[in-house]
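One point on numbering: in full-length UniProt numbering, the residue at position 290 of the sequence shown is 290, and numbering is uninterrupted.
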Amino acid sequence: MKSMKAKLIALTAAFLILFGTVFTVIAYTKMRAELVEDVANELTSTTTGYVTFVKNWYSSKLQQALAGMELVKNPEPIPFLTRLAQGAGYDLMYIGTADHRMLRSDNKPQPQGYDPVARPWYQMAAKSGKPGVSDPYVDFDTKKLVVTFVAPVSEGGSVKAVVGGDIFIDGLVKTVLDIKLRGNGFAFLVDQSGKVIAHPNQALTLKPLSETVPALTAEKLNSAAASKELLEVDIDGTPHFVQVMQVEGTPWILGIVVDKNIVLEPLGKLLITIVGLGLLVMVVLVPVVSMILGSMLAGLGRLSRAMREIAQGEGDLTRRMDVSGQDEIADTARSFNLFVEHLQQMFLSVRSEASSVISGVEEVSSTVEKVADDSRSISDVSSSNAATLEEITVSISHIADAAREADGLVTKTGDYSHASAKDMEQISREMNRTVDAVKGLSSMLATLDNRSQQITGITNVIKDIADQTNLLALNAAIEAARAGEMGRGFAVVADEVRKLAERTAQATVEITAMVNTIREETSQAVANMQNTVTSVDDGVVLTRDAVERISKIQDAMEEVVAKMNEINLSTTEQHKATTMIAQSTERINGRILDSDTALQGVHDTLLSLKTAASSMRQTFSRFKV
């Protein structure tokens, strides 16, 4: 276990480490920011100086090209154009006119088919209407970079001529590449499209800078030139600072690149120095703090040793700590002395009472033994009662089972009688419907008898008509015979009418006979129907009587079921009651046994307490009080 001194030393060391770390981080961060700001200011200053140089070079060459505009009006401009080209450092100066003439400073004749108006430099000046410079290109003969400065000469709102001059920019490129910077820095010159004009890697000439540095696109270069922000980009896997600036009045951008690691290298050395100083401070302060804490915690060590002696059981309770000072350790020593004094008084009191405890324990132990004997006797009686109650419970259970079985049989009988009553009621309803049907059929037969009587009357009328027709036919035959030859045809008709009347009369007799037969059968059927109705009515009455008797039987069965339910409920309640009594008896017996066990435990505990009291008295005797 670590001492408080070690913990305080560790805490102090941790605080010093934390403070040193925070201080180092803050100092490093601030110094890095200041160093980066200094680098940015230095790069900005350097870039501004060389931008001014490029701007002046560009302005001077452009002004000299503008001076050639006055030669357009000269009838003999070539000598002056030659001197201007030589003085301004142009490789060649020329004037292209709108009438397709070409005047050169070297006084060479215009090549056959050469039209200056169609040339790109002429088109550029004519289109913009102001002086400018072309994109760099490689001269075919010298393989050097060349730019063309142009200046349009306008008259009456249209371009009359364009003055141009070709100049090698290898000198300008050399000046840019000769810029010396710390951190292996270098300069480059690009146009606004990101195409390289000057770069230490000549293979990039007239190629996009983004081919070797993807982060430096044309958009990024123009944006950074406008904002003048310091860029951080990776070049060949190494971080670099890049400062770019627009050359005012030109389509060119000048950039400066320095190695970030080399520029910030002093910062790393400074960080190592700060960390070394921090470790040195730790090495010096930790021993000093250890000595101071050892002196301050000496009293606490004495207090710890005194308390350890008391804890080991051989302590001297008459011993007191020396108190000096007013700090927390002195206050702890005073509190320790007060604690030992109270502990001394308590030990004296406990030691004097230990003997009383031992004698009291012996008396309680004997009383507990007597109670345990009585408890065992009660337990035996309770076990006997529990067995008797168990036998009564079994008998009541058998009675309850028989009552439940009888109750089930009576219930089934009641269900059967109830179903029979329903069936009889259904039969009664069916017989009532049969009576209604038979009565309806009897009414229909009576109606049929009336219709038969009506048919008989109709046949009688038809028979009378047939007799009259037959008589008329005889009279007609007599009249026809009297008429002689003229009445022969009428006699034939009268004879046919007579025959028809006879057949009608005969048919009427047959119909009357059949109708009479139907009337007799109908009357017999009506009589039979009356007998059937009477029988069915008697059956309905008997069925109703049977339903009433079955209902009375059902009521009686329901009363029996109710009584059986009461018997079943009573036996069930008795079974539950005896079961509960038996269970209660078992629980009482169990509690008596538990009490006996507990009393035995109390007896054992008292013995242990007696032993403990004796041991405590012996232990207290070891302390000096």
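Positions of the beta carbon are idealized from the N, C-alpha and C atoms, including for glycine.
Check: What are the start and end residues of the beta strand (DSSP E) that includes VAL213?
Finding: It is not in any beta strand (DSSP E) - VAL213 carries neither H nor E in the DSSP assignment.
Item checked: Three-state secondary structure assigned by DSSP to LYS195 -> In the three-state reduction of the DSSP assignment, LYS195 falls in the strand class.
Next item on the list: Taking SER154 as part of the beta strand (DSSP E), name the residues at either end of that continuous run.
Entry: Per DSSP, SER154 belongs to the beta strand (DSSP E) from 145 to 155.
Item checked: Integer Cβ distance of SER128 from GLY249, believed to fall under 8 Å -> Between GLY249 and SER128 the Cβ distance is about 14 Å, and since that is not below 8 Å, they are no contact.
Margin query: Restricting to runs no shorter than 3 residues, where is the beta strand (DSSP E) found entirely within the segment 241 to 272?
Written below: Correct list: 252 to 259.
Margin query: Checking 7 Å against the spacing of the C-beta atoms, do LEU277 and ILE253 come in under that value?
Written below: No.
Next item on the list: State yes or no: is the C-beta of ILE179 nearer than 6 Å to some heavy atom of the ligand ADP?
Entry: This structure lacks the ligand ADP, and indeed carries no ligand of any kind.
Margin query: Which runs of the alpha helix (DSSP H) at least 4 residues long sit entirely within the segment 482 to 534? Give them in chain order.
Written below: You should have found no qualifying run.
Next item on the list: Would you mind stating whether THR205 and VAL213 have Cβ atoms separated by less than 7 Å?
Entry: In this structure, THR205 sits away from VAL213, with a CB-CB distance that is not shorter than 7 Å.
Note to self: At the level of alpha carbons, what is the spacing between VAL289 and ASN184?
What the structure shows: Across the structure, VAL289 and ASN184 are spaced so that their CA atoms are roughly 49 Å apart.
Next item on the list: Over the uninterrupted alpha helix (DSSP H) stretch that includes MET69, give me the two end residues.
Entry: DSSP places MET69 in no alpha helix (DSSP H); its state is neither H nor E.
Check: Is ALA501 near ALA466, with beta carbons less than 7 Å apart?
Finding: Yes.
Margin query: Would you say ILE274 lies against chain D (beta-carbon separation less than 7 Å)?
Written below: Going by chain labels, chain D is absent from the structure shown, which holds only one protein chain.
Next item on the list: Please name the residue in ASP259, TYR122, GLU76 whose C-alpha comes closest to that of THR97.
Entry: Checked all of ASP259, TYR122, GLU76; the closest Cα to THR97 is TYR122.
Check: Do you know whose CA, among ASN41, GLU229, GLY457, lies nearest ILE511's CA?
Finding: Comparing Cα positions, the closest option is GLY457.
Item checked: Nearest to LEU11 (by Cα), restricted to the options GLY171, LEU285, LEU43 -> For LEU11, the nearest C-alpha among the options comes from LEU285.
Check: Mind checking VAL133: buried by the 16 CB within 10 Å criterion, or exposed?
Finding: Answer is buried; the Cβ neighbour count reaches 16.
Check: Would GLY194 be called buried (16 or more neighbouring beta carbons within 10 Å of its own) or exposed?
Finding: Buried, because 16 or more other Cβ atoms sit within 10 Å of the Cβ of GLY194.
Checklist line | Nearest residue (CA-CA) to GLU37, options LEU230, THR47, ALA126 | finding: Distance from the Cα of GLU37 is smallest, within the candidate group LEU230, THR47, ALA126, for LEU230.
Next item on the list: Grab me the residues of VAL147's own chain with a C-beta within less than 7 Å of its C-beta, minus the 5 sequence neighbours each way, in chain order.
Entry: Cβ neighbours of VAL147 beyond the five flanking positions: VAL133, SER134, PRO136, ILE167, ILE169.
Next item on the list: Have a look at GLN202, GLY156, VAL159 and flag the residue whose alpha-carbon is nearest the alpha-carbon of LYS174.
Entry: Checking every option, the nearest Cα to that of LYS174 belongs to GLN202.
Next item on the list: Please determine, among GLY20, VAL163, ASP91, the residue with the shortest C-alpha to C-alpha distance to ASP141.
Entry: Closest by C-alpha distance to ASP141, out of GLY20, VAL163, ASP91, is ASP91.
Margin query: Taking the alpha-carbon of PRO109 as reference, which of ALA118, ILE95, ARG119 has the nearest alpha-carbon?
Written below: For PRO109, the closest C-alpha among the options ALA118, ILE95, ARG119 is that of ILE95.
Checklist line | PHE186 vs GLY255 beta-carbon contact at 7 Å | finding: No.
Check: Hey, GLY81 and MET69: beta-carbon distance below 7 Å or not?
Finding: Here residue 81 is Leu; the residue named in the question, Gly, does not match the sequence. No, Cβ-Cβ distance for LEU81 and MET69 is not below 7 Å.
Next item on the list: List the endpoints of the continuous beta strand (DSSP E) containing VAL233.
Entry: Note, VAL233: beta strand (DSSP E), 231 to 235.
Check: Is LEU181 helix, strand or coil when you go by DSSP?
Finding: Here LEU181 carries a strand assignment [DSSP, helix/strand/coil].
Note to self: Among the candidates VAL257, LEU8, VAL497, whose CA atom is the shortest distance from the CA of ALA476?
What the structure shows: Among VAL257, LEU8, VAL497, the Cα nearest to that of ALA476 is on VAL497.
Notebook entry, point to check: In three-state terms, what does DSSP make of LEU206?
Noted result: Coil.
Next item on the list: Check whether the Cβ atoms of LEU177 and VAL258 sit closer than 7 Å, and answer yes or no.
Entry: Taking 7 Å as the Cβ cut-off, LEU177 and VAL258 do not qualify as a contacting pair.
Item checked: Closest by C-alpha distance to ARG83, when choosing among PRO239, GLY165, SER523, VAL283 -> The shortest Cα separation from ARG83 among PRO239, GLY165, SER523, VAL283 belongs to GLY165.
Check: TYR137 by DSSP, collapsed to three states: which one?
Finding: Reduced to three states, the DSSP call for TYR137 is strand.
Check: Roughly how many whole angstroms lie between the Cα atoms of PRO200 and GLU155?
Finding: Spanning the two alpha carbons is a distance of roughly 45 Å.
Note to self: Less than 7 Å between the beta carbons of ALA88 and GLN112, yes or no?
What the structure shows: The answer is no: Cβ separation not under 7 Å.
Next item on the list: Measure how close the beta-carbons of SER452 and THR522 come, nearest whole angstrom, since I'm counting them as under 8 Å.
Entry: About 7 Å separates the beta carbons of SER452 and THR522, which is inside the 8 Å limit, making them a contact pair.
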